[in-house]
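A.B. asks:
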Ligand code: XMP
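Residue numbers (the UniProt record's numbering): 215 to 533.
#1: Cβ of residue 223 within 7 Å of any heavy atom in ligand 1?
#2: Let me know the secondary structure DSSP gives residue 387 once reduced to three states.
#3: Residue range of the alpha helix (DSSP H) that residue 432 falls in?
#4: Using 8 Å for Cβ pairs, my map puts residue 322 next to residue 301. What's the rounded Cβ distance?
#5: Taking the alpha carbon of residue 233 as the point to measure from, which residue in 464, 340 and 216 has its own alpha carbon closest?
#6: Would residue 418 and residue 513 qualify as a contact pair, given that the criterion is a beta-carbon distance under 8 Å?
#7: Tell me the rounded alpha-carbon separation between residue 320 and residue 530.
#8: Should residue 298 be flagged as near chain B, meaning a C-beta pair shorter than 8 Å?
#9: On a CA-only basis, which of 265, 382 and 285 is nearest residue 326? Give me that one, please.
#10: Here's the rule: buried if 16 or more other CB atoms are within 10 angstroms of the residue's CB, otherwise exposed. What is residue 476?
#11: Is residue 436 close to ligand 1? I mean its beta-carbon at under 7 Å from any heavy atom of the ligand.
#12: Below 8 Å, can you find three or more Cβ-Cβ pairs linking the stretch 375 to 392 to the stretch 479 to 490?
#13: May I have the straight-line CA-CA distance separating residue 527 from residue 402, to the nearest angstrom?
#14: State the start and end residues of the unbroken beta strand (DSSP E) segment that holds residue 559.
#15: Nearest by alpha-carbon distance to residue 272: which of 298, 284, 286 and 291 is it?
#16: Since residue 441 and residue 503 should fall inside the 8 Å C-beta cutoff, what is the C-beta to C-beta distance between them, to a whole number of angstroms?
#17: Compute every distance between the C-beta of residue 461 and the non-hydrogen atoms of ligand 1, then say whether any falls below 7 Å.
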């Protein structure tokens, strides 16, 4: 792709000019954006870059392993793997307000990056895979009065006291362009085609208090849902699909006994940039199959519902 080849060259020059001989830390989230940013920056400045993968315990099933193996085996880019589940889940205990959860997670990421920067003798820069829609939505929704809808942890959620300057080479791009750039940089197709996954991870798919137990329940339901989507050949037709674990218990019946367990909501949308979205129109048979499997296979869930809200007025994530 000519445009992306040009973009790649220009950005590499810009990154070199911005950071000079300084050290850069790049946080990998498991998503496409941070991976593309990391590979681009690595091409620009080589071992001045240290990639940090913070496992906050809020990843999906198998995700941490996939990210680590992509970077270590495919790219041979050194990766610091920080196990921070206790730190994140400990701090999330008792938090129920969506913005409080987001702010805590954003701040804790920075704490971890700063601690890692210290270990390598200091880093002047923090790199992130911020995209154009992240920038706009964190500031204002449709260019109207400035209202924060959600403080994306990689934009508005950063604490002001942070002592590293930001390197954000994807700030002008939309998602489809980042995918083109990823292909241009040689990222595997399966990775480039992954659905977006938010930095705060499963924490914003568990309304109310986040606990390890609830993360484990959600991971199981979500992996069944995604497995069925892949089996049905629908993965690439959907912008984003995921399960949400609701803080609501309802009564059900299993065999001859009463159950009293959580509700799981399924979300799937089509979109081109994440700024507006339409509900994905599954056939009823598909939803029935997924609901049956989740209720049968996931202890703690006894009811499954489908979210029929487009964006706007709904957002894609529930928090
Ligand atoms: P919403 O829920 O605002 O999401 O309609 C729009 C897109 O952004 C993703 N998202 C995030 N991505 N950090 C991210 O990197 C965040 O804090 C964040 N919050 C939402 C969301 O998954 C969707 O693709």
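Even for Gly, the Cβ is constructed at its ideal location relative to N, Cα and C.
C.D. replies: To lay it out plainly:
#1: Counting from 1 along the chain shown, the entry for residue 223 is found at position 9. No.
#2: What you label residue 387 is simply residue 173 of the chain shown in a count that begins at 1. Residue 387 falls in the coil class under three-state DSSP.
#3: Counting from 1 along the chain shown, the entry for residue 432 is found at position 218. Taken as a continuous stretch (DSSP letters only), the alpha helix (DSSP H) holding residue 432 covers 426 to 445.
#4: To locate residue 322, count along the chain shown from 1; it is residue 108. To locate residue 301, count along the chain shown from 1; it is residue 87. The Cβ separation is near 6 Å, so the contact holds.
#5: As a first step, residue 233 must be located in the chain shown, where it is residue number 19. The shortest C-alpha separation from residue 233 is found at 340.
#6: Sequence index remark: in the chain shown, residue 418 carries index 204 (1-based). Sequence index remark: in the chain shown, residue 513 carries index 299 (1-based). The answer is no: Cβ separation not under 8 Å.
#7: Residue mapping note: residue 320 aligns to position 106 of the chain shown, counting from 1. Residue mapping note: residue 530 aligns to position 316 of the chain shown, counting from 1. Approximately 19 Å between the Cα atoms of the pair.
#8: Although the question refers to chain B, the structure presented lacks it and comprises just one protein chain.
#9: As a first step, residue 326 must be located in the chain shown, where it is residue number 112. Nearest C-alpha to residue 326: 265.
#10: Counted from its first residue, the chain shown places residue 476 at position 262. Looking at its Cβ environment, which holds 16 or more other Cβ atoms inside 10 Å, residue 476 is buried.
#11: As a first step, residue 436 must be located in the chain shown, where it is residue number 222. False, no ligand heavy atom lies under 7 Å from that Cβ.
#12: yes
#13: Position 313 of the chain shown, counted from the start, is the residue given in the question as residue 527. Position 188 of the chain shown, counted from the start, is the residue given in the question as residue 402. Distance between the alpha carbons of residue 527 and residue 402: 35 Å.
#14: Missing from the structure shown is residue 559; the chain here goes from 215 to 533 and no further.
#15: Within the chain shown, the letter at position 58 stands for residue 272. Residue 298 is the option with its Cα nearest to residue 272.
#16: Residue 441 sits at position 227 when you count from the first residue of the chain shown. Residue 503 sits at position 289 when you count from the first residue of the chain shown. That pair is no contact at about 11 Å.
#17: Reading the chain shown from its first residue, position 247 is the one you call residue 461. Residue 461: no, Cβ never under 7 Å from ligand 1.
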